[in-house]
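So the protein lines, in turn, are chains C and Z.
Numbering-wise (full-length UniProt numbering), the first sequence opens with residue 1 and increments by one.
Numbering-wise (full-length UniProt numbering), the second sequence opens with residue 1 and increments by one.
Written below as structure tokens is the structure these notes are about.
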Amino acid sequence: MTAVKAPLAAAALALGDDALVLSHRLGEWAGHAPVLEEEVALANIALDLLGQARTLLSLVGDEDELAYLREERAFRNAQLVEQPNGDFARTIARQLYFSVYQHLLYEQLAAAGGPVAPLAGKAVKEVAYHRDHAEHWTLRLGDGTQESHARMQSGLDALWRFTGELFEPVEGLPVDWSALREAWLSAVTGVVERATLTLPSGPQSGAWTAGAGRQGIHTEPFGRMLAEMQHLHRSHPGASW
Amino acid sequence: MTTMAPDTGARDTAAYEAAFDAAVAAEERIEPRDWMPDAYRATLVRQIAQHAHSEIIGMQPEANWITRAPSLRRKAILMAKVQDEAGHGLYLYSAAETLGTGRDELLDKLHSGRQKYSSIFNYPTLTWADVGAIGWLVDGAAITNQVPLCRCSYGPYARAMVRICKEESFHQRQGYELLLALSRGTEAQHAMAQDAVDRWWWPSLMMFGPPDAESPHSARSMAWKIKRHSNDELRQRFVDICVPQAESLGLTLPDPDLRWNEERGHHDFGPIDWTEFQEVLSGNGPCNDQRINQRRRAHEEGAWVREAAAAYAAKHGKATA
Numbered sequence: 001m002t003a004v005k006a007p008l009a010a011a012a013l014a015l016g017d018d019a020l021v022l023s024h025r026l027g028e029w030a031g032h033a034p035v036l037e038e039e040v041a042l043a044n045i046a047l048d049l050l051g052q053a054r055t056l057l058s059l060v061g062d063e064d065e066l067a068y069l070r071e072e073r074a075f076r077n078a079q080l081v082e083q084p085n086g087d088f089a090r091t092i093a094r095q096l097y098f099s100v101y102q103h104l105l106y107e108q109l110a111a112a113g114g115p116v117a118p119l120a121g122k123a124v125k126e127v128a129y130h131r132d133h134a135e136h137w138t139l140r141l142g143d144g145t146q147e148s149h150a151r152m153q154s155g156l157d158a159l160w161r162f163t164g165e166l167f168e169p170v171e172g173l174p175v176d177w178s179a180l181r182e183a184w185l186s187a188v189t190g191v192v193e194r195a196t197l198t199l200p201s202g203p204q205s206g207a208w209t210a211g212a213g214r215q216g217i218h219t220e221p222f223g224r225m226l227a228e229m230q231h232l233h234r235s236h237p238g239a240s241w
Numbered sequence: 001m002t003t004m005a006p007d008t009g010a011r012d013t014a015a016y017e018a019a020f021d022a023a024v025a026a027e028e029r030i031e032p033r034d035w036m037p038d039a040y041r042a043t044l045v046r047q048i049a050q051h052a053h054s055e056i057i058g059m060q061p062e063a064n065w066i067t068r069a070p071s072l073r074r075k076a077i078l079m080a081k082v083q084d085e086a087g088h089g090l091y092l093y094s095a096a097e098t099l100g101t102g103r104d105e106l107l108d109k110l111h112s113g114r115q116k117y118s119s120i121f122n123y124p125t126l127t128w129a130d131v132g133a134i135g136w137l138v139d140g141a142a143i144t145n146q147v148p149l150c151r152c153s154y155g156p157y158a159r160a161m162v163r164i165c166k167e168e169s170f171h172q173r174q175g176y177e178l179l180l181a182l183s184r185g186t187e188a189q190h191a192m193a194q195d196a197v198d199r200w201w202w203p204s205l206m207m208f209g210p211p212d213a214e215s216p217h218s219a220r221s222m223a224w225k226i227k228r229h230s231n232d233e234l235r236q237r238f239v240d241i242c243v244p245q246a247e248s249l250g251l252t253l254p255d256p257d258l259r260w261n262e263e264r265g266h267h268d269f270g271p272i273d274w275t276e277f278q279e280v281l282s283g284n285g286p287c288n289d290q291r292i293n294q295r296r297r298a299h300e301e302g303a304w305v306r307e308a309a310a311a312y313a314a315k316h317g318k319a320t321a
């Protein structure tokens, strides 16, 4: 694939890293899901995201060089997607925040035309499914038992401060970021309320999370995740697999 | 099978049995509502459940490498494969449920050790090449075992196997291709591939079960057309298939006695270590505890999620999944 020029490359890297890192986190669930249907669903979502990551990274350069040979400080994913899985509710909270964002973002990108539009047009169908999955689980957990309600609330609360970063403008993307933020907030609020949960009240970003991932500043668990992901590839320089 | 019972109206077991035997002899399919001998039902439940459990436990050794897969292409292939295995488990639990048991009950039996899964999944995946060796050898052995099951006398099982075998053949080719890439790669990659084949070869041969002389269920399963070939026949078929494949992979099989026997038209091969097989089967393999504990933990830690889904469904009156 032909590599594109900055700033589109920077944008493709940000979106590609989001998809790559979240896919990796979901891959960690394999063999650990609470019910067999979720083994299938989580792997399915992980695969969709990995497919998106491969397309996006290939716009920038060699997908494997980019995935396996960059260090932590060179990754441009939002901090939200690198957050550890935690329990199932934490994972679902991350999925809810991210898939609603990704769905609205890709809808805008698909409509705007330009070089990212074809990819966004394809991905938006996958992401609509991811969003549906996350919303339904948010409802089941929020409006399920006392325990699941508490866990879901705690997942939403813990990840809330990582959501502001999603709306930091990414250069090269024809997106109305404030409209995106409004639409996201309204959609998430709707689901959270239907799930009998409370929208977290804290700030959506802090000194460390405002745009930090997009600038290559990550959280501690991320380096460990990359160590695992890259170890084998780095141990055999130049090998093909 | 076309008739649920003889049309004489007689309710004696002998007449049902005769009708059942005739249907099996005529290669008709037995379906869930048909009468069947209790022992036939029990054998099928045992076999299908064990098969389903194997798919589920079998996710673990491969999932062990998802987060470390060395290229994004390989990672996607491996994720898709592990996802397929969960899907196979689901088909098979459904097939078992047509016999009057439930998935929860079967999972309980797996978790408490009352039902088994394939002994092969008690071996560890120590390097990336093990993922290829599992695809080539373990899936290859599974396919050799399972293709005849597509003609099994019990309809739901046979139909599940048709779908499963298609996907398994695909996995097997991917495993072969993974090993080929390693074998033709750097010296270190080649050595990694050879080491994996050395460790997985004998356990794969054990997947066909004990020698015919010591296989307690075989004769009856063959009479009922659940099973079509003996353990030793299938094992021989597998060896004959693998030898030329190993050659084209540029890898050797770890058996000094392996050679072509012109007279038999088959490969002779060395003795299998049945003591090891029995040890692994009885819970003393390298990963038995680890595999079952992970499975139990996933189930126990997921209990609150399943309870939430059930409570939500009860409140809102719809299906949970």
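Where is the CB? At the ideal position from N, CA and C, for every residue including glycine.
For residue i, tell me which candidate among the options has the shortest Cα-Cα distance.
i, options, result
"Leu-205 of chain Z", "Z:His-171, Z:Val-162, Z:Ile-134", "Z:Ile-134"
"Lys-225 of chain Z", "Z:Glu-28, Z:Glu-214, Z:Ala-15", "Z:Glu-28"
"Asp-87 of chain C", "Z:Ala-26, Z:Val-305, Z:Arg-33", "Z:Val-305"
"Ile-30 of chain Z", "Z:Gly-155, Z:Ser-169, Z:Arg-199, Z:Arg-264", "Z:Gly-155"
"Trp-202 of chain Z", "Z:Ser-248, Z:Tyr-312, Z:Tyr-123", "Z:Tyr-123"
"Leu-178 of chain Z", "Z:Asn-64, Z:Ser-71, Z:Asp-84, Z:Ala-314", "Z:Ser-71"
"Leu-253 of chain Z", "Z:Asp-273, Z:Gly-185, Z:Tyr-117, Z:Ala-196", "Z:Ala-196"
"Phe-222 of chain C", "C:Asn-44, C:Gln-83, C:Leu-50", "C:Gln-83"
"Glu-301 of chain Z", "C:Ala-10, C:Gly-155, C:Ala-207, C:Ala-33", "C:Ala-33"
"Pro-169 of chain C", "C:Leu-180, C:Leu-159, C:Asp-64, C:Arg-161", "C:Leu-180"
"His-231 of chain C", "C:Leu-47, C:Ala-11, C:Leu-42, C:Glu-71", "C:Glu-71"
"Ser-112 of chain Z", "Z:Glu-247, Z:Asn-288, Z:Ala-22", "Z:Asn-288"
"Val-162 of chain Z", "Z:Leu-92, Z:Gly-100, Z:Glu-262, Z:Arg-173", "Z:Leu-92"
"Val-191 of chain C", "C:Ser-99, C:Glu-39, C:Thr-145, C:Ala-111", "C:Ser-99"
"Thr-55 of chain C", "Z:Ala-42, Z:Arg-41, Z:Ala-76", "Z:Ala-76"
"Glu-171 of chain C", "C:Ala-112, C:Arg-214, C:Leu-139", "C:Arg-214"
Residue i lies in the alpha helix (DSSP H); which residues open and close that run?
i, result
"Trp-260 of chain Z", "Here Trp-260 of chain Z belongs to no alpha helix (DSSP H); instead the beta strand (DSSP E) covers 259-261."
"Leu-106 of chain Z", "103-111"
"His-217 of chain Z", "Looking at the DSSP string, His-217 of chain Z is not in any alpha helix (DSSP H), and its letter there is neither H nor E."
"Asn-44 of chain C", "36-60"
"Pro-221 of chain C", "220-235"
"Asn-145 of chain Z", "139-146"
"His-32 of chain C", "Note, His-32 of chain C: premise wrong, no alpha helix (DSSP H); not H, not E."
"Leu-182 of chain Z", "155-183"
"Gly-190 of chain C", "177-194"
"Arg-41 of chain Z", "38-57"
"Tyr-312 of chain Z", "303-316"
"Pro-7 of chain C", "Where Pro-7 of chain C is concerned, there is no enclosing alpha helix (DSSP H), given that its DSSP letter is neither H nor E."
"Ala-133 of chain Z", "129-133"
"Phe-20 of chain Z", "13-25"
"Leu-205 of chain Z", "187-206"
"Lys-116 of chain Z", "First-last for Lys-116 of chain Z: undefined, no H or E at that position."
Just the Cα atoms here: how many angstroms apart are residue i and residue j?
i, j, result
"Pro-210 of chain Z", "Thr-275 of chain Z", "11 Å"
"Ala-96 of chain Z", "His-130 of chain C", "31 Å"
"Asp-257 of chain Z", "Glu-105 of chain Z", "45 Å"
"Ala-19 of chain C", "Ile-143 of chain Z", "35 Å"
"Met-1 of chain C", "Gln-52 of chain C", "Reliability of the predicted coordinates at Met-1 of chain C is poor, the pLDDT of 46 falling under 50, and the value obtained from them is presented with this limitation in mind. Each residue's alpha carbon lies about 14 Å from the other."
"Ala-321 of chain Z", "Ala-310 of chain Z", "Since pLDDT at Ala-321 of chain Z reaches only 48, below the 50 mark, its modelled position is unreliable, and no value is offered."
"Gln-95 of chain C", "Ala-25 of chain Z", "54 Å"
"Lys-81 of chain Z", "Gln-189 of chain Z", "22 Å"
"Trp-29 of chain C", "His-299 of chain Z", "13 Å"
"Gly-16 of chain C", "Trp-184 of chain C", "20 Å"
"Glu-214 of chain Z", "Glu-279 of chain Z", "16 Å"
"Phe-20 of chain Z", "Ala-52 of chain Z", "26 Å"
"Ala-12 of chain Z", "Thr-98 of chain Z", "In the sequence on display, residue 12 of chain Z carries Asp and not Ala. Approximately 24 Å between the Cα atoms of the pair."
"Ala-160 of chain Z", "Arg-151 of chain Z", "11 Å"
"Ala-14 of chain C", "Asn-145 of chain Z", "47 Å"
"Trp-260 of chain Z", "His-267 of chain Z", "4 Å"
"His-233 of chain C", "Glu-182 of chain C", "41 Å"
"His-24 of chain C", "Leu-249 of chain Z", "31 Å"
"Asp-34 of chain Z", "Tyr-16 of chain Z", "10 Å"
"Ala-313 of chain Z", "His-229 of chain Z", "46 Å"
"Ala-18 of chain Z", "Asp-38 of chain Z", "14 Å"
Can you round the beta-carbon distance between residue i and residue j to whole angstroms, since I take them to be within the 8 Å contact cut?
i, j, result
"Thr-91 of chain C", "Gly-142 of chain C", "That pair is no contact at about 14 Å."
"Ser-218 of chain Z", "Asn-231 of chain Z", "7 Å"
"Leu-59 of chain C", "Ala-9 of chain C", "7 Å"
"Ala-93 of chain C", "Leu-109 of chain C", "In fact, because the Cβ distance is near 24 Å, the residues do not count as touching under 8 Å."
"Glu-165 of chain C", "Ala-123 of chain C", "Not confirmed; about 20 Å, so no contact."
"Phe-167 of chain C", "Leu-80 of chain C", "Not really, about 11 Å apart at Cβ, beyond 8 Å."
So residue i is in the beta strand (DSSP E); what residue range does that whole segment cover?
i, result
"His-267 of chain Z", "266-268"
Heavy atom of the ligand ZN less than 6 Å from the Cβ of residue i, yes or no?
i, result
"Ala-158 of chain Z", "The model on display carries no ligand, and the ligand ZN is accordingly not part of it."
Sequence ranges, alpha helix (DSSP H) only - wholly within the segment 91-153 of chain C, length at least 4: As far as the segment 91-153 of chain C is concerned, its whole alpha helix (DSSP H) runs of at least 4 residues are 117-142.
What residue ranges within the segment 222-291 of chain Z form continuous beta strand (DSSP E) runs of no fewer than 3 residues, ordered along the chain? Restricted to the segment 222-291 of chain Z, the beta strand (DSSP E) segments that are unbroken, complete and at least 3 residues in length are 259-261, 266-268, listed in chain order.
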